[in-house]
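A.B. asks: Please find one structure pasted underneath; my questions will follow.
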């Protein structure tokens, strides 16, 4: 009976370690591809391989965006990614807004 308990504990520990390693490694990846947005002055900006999970302020609010990355881009009302989520832009798609977001966060969903 002790052998079954030990094997069960060992399997549980191995699964927990795998989940921990997998979760940490996903945070460190960047979204592969370019994200281009146009600000309220009409100036286009392009980010290559933006970091996954970090809040990035646009500087000036964005009026449109083209998400050519492999991650979903979530755009926020406030510059620190707090407040209302204004939109989610799936990979390989674009948007034009009437209500201008101020920040974006990329996430693999």
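In mature numbering (1 follows the signal peptide of the UniProt record, and there is no 0), the protein residues as written are -26 to -1, 1 to 83.
No residue lacks a Cβ here, since even glycine has one placed at the ideal position from N, Cα and C.
(1) Taking the alpha-carbon positions, what's the residue 17 to residue 40 distance?
(2) What residues match up with residue 9 in a beta bridge as DSSP calls it?
(3) Can you tell me which of the three DSSP states residue 34 falls into?
(4) My output table needs one value for residue 53: the three-state DSSP class, helix, strand or coil.
(5) Using a Cβ-Cβ cutoff of less than 6 Å, which residues in the same chain neighbour residue 58 once the five nearest sequence positions on both sides are dropped?
(6) Would you kindly report the start and end of the unbroken beta strand (DSSP E) that includes residue 73?
(7) Count the other CB atoms within 10 Å of the CB of residue -4; is the residue buried (16 or more) or exposed (fewer)?
(8) Just reading off the beta strand (DSSP E) that residue 80 is part of, what are its end residues?
(9) What's the C-alpha gap between residue 37 and residue 6?
(10) I'd like the list of long-range same chain contacts for residue 29, defined as Cβ closer than 7 Å, with 5 residues on each side in sequence excluded.
C.D. replies: Inspection of the coordinates gives the following:
(1) 14 Å
(2) 21, 41
(3) coil
(4) coil
(5) 51
(6) Unbroken run through residue 73: none, as it is neither H nor E.
(7) At residue -4, the pLDDT of 42 sits below 50, so the modelled position is not reliable and the matter cannot be decided from this model.
(8) 77 to 81
(9) 23 Å
(10) 54, 55, 77, 79
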